[in-house]
Amino acid sequence: MSNEVRVRYAPSPTGMQHIGGVRTALFNYLYARSQGGKFILRLEDTDRTRYDEKYVKNLYDTMAWLGIEWDEGGEKGGEYGPYVQSERFELYKKYAQELVEKGEAYYCFCDSERLERIKKIQTENKMAPGYDRNCRHLTPEEVKANLDAGKPYVIRLKVPLEGETTFHDHLLGDITWKNEDISPDPVLLKSDGFPTYHLANIVDDHLMKVSHVMRAQEWIPSTPLHVQMYRSFGWEHPEFCHLPMVNGADGKKLSKRHGSTSLNEFRARGYLPQAIVNYVALLGCSYEEGRDFYTLDELAERFKLEHLNKAPAVFDYKKLEFYNANYIRQLSTEELYKWTLPFITGTGDATLEINPENPQPKPNVGPEFSGVAMGEDGEPYCVDKSMNMTSADVKKTLLGLMPLIQERLKFLTEAAEMVHFMFTEPAVPPVEQLIPKKLDQAKTKEVLENAKEFVSKVFELDHEGAEAFAKAKAEELGIKLGDFMMPVRMAVTGSRVSPPLIGSIAVLGKERALERIERTIATL
Ligand code: GLU
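As numbered in numbering that gives the first Met the number 0, residues 0 to 523 make up the sequence shown, in order.
Structure representation (structure tokens):
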């Protein structure tokens with residue numbers, strides 16, 4: 000075997016891409032990049048009953064979104080293709096026959112009724128489940144007679160009846176299994192001529208010259224069997240490295256009960272791919288002491304098998320949130336606009352499905368929350384016609400808001416509610432909500448009277464100047480700055496949580512800000 004590192008991500012398109020799969024893909028990718036090797040994407044679509052085209056689409060789409068590119072496979076092809084197992088069925092048949100000819104595998108003619116019967120006896124007698132190896136002992140004449148009679152058959156591997164199988168795992172060291180604990184003569188080729196996962200996986204890893212198999216630890220029980228299959232073929236097996244588990248905070252395997260797991264859902268919840276890549280790369284691997292943030296390239300430069308952890312990784316949603324907020328802050332104004340627009344208008348990623356049982360609340364996105372919808376011309380427009388805004392105004396306003404909301408966003412989805420005050424005349428807040436705890440109605444009215452001058456100052460002075468003015472005003476009124484700002488914020492934006500106030504007033508414009516203050520004063 001050459002020294003070139005060749006690794007693969009080999010998902011079965013029987014479900015949506017989730018965190019565990021992405022972690023496997025990412026580690027294989029990073030390892031290939033760190034070694035100047037090749038990263039292969041192979042579709043293990045042998046299970047035709049659970050197969051769905053939409054999962055294939057989701058796979059390619061997710062990889063593209065994350066920016067994980069492969070060198071061979073998928074739609075890209077390559078020297079050892081095709082990389083889609085359903086296009087290679089003839090090949091697996093040939094290799095299964097080869098094992099039969101070598102005496103390493105055998106035809107089994109047991110029908111499903113017989114297999115059911117064995118299963119029943121085994122359960123009733125509390126025996127270990129599995130095939131009773133009945134056909135392993137058929138004579139060549141019996142086999143021929145069955146084949147001539149056109150009896151359906153499967154091909155089973157002859158697993159050694161005694162002894163042990165040992166393999167070395169990069170992370171976990173030597174692992175030894177008694178051969179009697181390997182599944183008794185598993186099926187390699189099914190009666191319809193389709194291969195099982197085991198056969199296709201081993202044949203492909205061999206033919207595609209895969210040097211390292213990096214996959215989740217749940218595949219460890221299959222590995223002794225795979226090692227036996229390599230031995231039967233007379234092939235050298237790749238190196239194995241089973242990746243640490245990814246658990247939820249309760250120490251149980253990460254699942255839907257903990258929150259989002261599917262990548263589509265993370266997208267629908269306003270995560271950036273940079274944050275997912277960075278955080279997922281830390282699940283079970285370390286890079287540099289005391290450093291949190293890495294780009295994909297920086298991770299690839301630093302990835303080492305020696306830095307993998309044996310202990311399970313814990314998926315911490317709060318930590319991912321922190322990464323997301325960080326990467327949101329790093330976007331340019333144009334980029335932030337591009338990323339938040341789907342959530343503001345309820346299009347694109349905002350339309351991806353969210354599991355209704357997810358314990359985390361659904362985000363408030365779309366025109367209903369933002370006041371902005373997407374036109375058929377692909378330009379955003381203001382839903383409230385009385386605002387008299389053109390699409391160009393909407394875009395300009397949104398771009399103006401981006402730097403203001405950027406610091407406050409943990410998720411892209413939150414942009415929708417934060418921009419709303421610009422695209423509708425907010426209802427005048429109820430009096431009780433307007434009055435800060437420490438003030439009374441009269442004092443609040445006084446604040447708003449003074450706020451008119453403050454609004455003017457926003458357009459005369461720079462940010463610091465306007466802020467200093469507000470501070471001085473608060474002092475003059477004998478109140479805290481927060482108690483000065485709160486009623487103004489409520490009046491201008493209709494909400495206690497809004498982007499920074501001075502910036503918001505600047506984007507809204509003097510006239511409209513003053514109008515909103517006047518309206519509010521009138522209710523007090
Ligand atoms: N098709 C298997 C999966 O769905 C591949 C396991 C392996 O990497 O060998 O994960």
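By construction, the Cβ of each residue, glycine as well, lies at the ideal position given by its N, Cα and C atoms. Since we're looking at a predicted model, the values are computed, not measured.
Coarse secondary structure for residue i, derived from DSSP in three states
i	result
ASN200	helix
PHE26	helix
ASN246	strand
ILE181	coil
TRP176	strand
GLY374	coil
PHE292	coil
GLY508	coil
GLU71	strand
SER497	coil
GLU333	helix
TYR50	coil
PRO379	strand
TYR399	First, the amino acid is wrong: residue 399 is Gly here, not Tyr. If DSSP states are grouped into helix, strand and coil, GLY399 belongs with the helices.
SER261	strand
GLY102	coil
LEU351	coil
SER231	helix
For residue j and residue i, the rounded distance between their alpha carbons
i	j	result
PRO10	LEU58	9 Å
LEU476	ASP482	10 Å
THR45	GLU356	30 Å
ILE174	PRO223	9 Å
LEU262	GLY289	28 Å
PHE26	VAL276	10 Å
GLY66	THR195	31 Å
LEU447	GLU416	24 Å
ASP110	ARG116	10 Å
VAL382	TRP338	20 Å
HIS169	ARG214	12 Å
ASP204	TYR79	10 Å
ARG511	VAL491	8 Å
PRO498	LEU42	46 Å
PRO428	GLY370	18 Å
MET401	TYR50	42 Å
ARG266	ALA349	8 Å
GLN16	TYR8	12 Å
THR423	ASP249	44 Å
GLN84	ILE201	12 Å
Residues that residue i bridges to, as DSSP identifies them
i	result
ARG5	LYS37
CYS107	VAL153
MET421	Bridge partners of MET421: none, in fact.
ILE120	ILE120 pairs with nothing; no bridge assigned.
CYS284	LEU307
LEU523	DSSP output for LEU523 lists no bridge partner at all.
PRO194	LEU188
HIS241	ARG214
LYS451	Answer is none; LYS451 lacks a bridge partner.
ALA312	VAL245
ASP168	GLY172, PHE239
SER385	According to DSSP, which records beta bridges pairwise, SER385 is partnered with nothing at all.
LEU42	VAL83
GLU163	LYS177
HIS17	SER261
LYS317	DSSP output for LYS317 lists no bridge partner at all.
LYS252	ASN246
GLY76	GLY72
Cβ-based neighbour list, residue i, same chain, cut-off 7 Å, excluding 5 preceding and 5 following
i	result
TYR316	GLY258
LYS177	GLU163
MET373	THR344, THR346, PRO379
Cut-off 8 Å between Cβ atoms - residues of its own chain near residue i, not counting five sequence neighbours on either side
i	result
GLU103	LEU156, LYS157, SER231, PHE232
ASN527	The shown model of the chain, from 0 to 523, leaves out residue 527, and the question about it has no answer.
TYR270	LEU319, ASN323, PHE410, LEU411
ARG495	GLN432, MET485, ARG488, MET489
GLN34	VAL4
GLY36	GLU3, VAL4, ARG5, VAL6, TYR30, SER210
ASN145	TYR106, PHE108, LEU137, TYR152
THR13	ASP46, ARG49, TYR50, ASP51, TYR54
Same chain, Cβ closer than 6 Å to residue i, five either side skipped, listed in chain order
i	result
HIS306	CYS284, SER285
ALA473	LEU480, PHE483
MET69	Looking at the sequence provided, one finds Trp at residue 69 rather than Met. Same-chain partners within the cutoff: PHE38, LEU40.
VAL142	TYR106
THR396	MET421
ASN449	LYS472
CB contact check: residue i to chain D, cutoff 7 Å
i	result
PRO498	Absence of chain D from the displayed structure is noted, only one protein chain being present.
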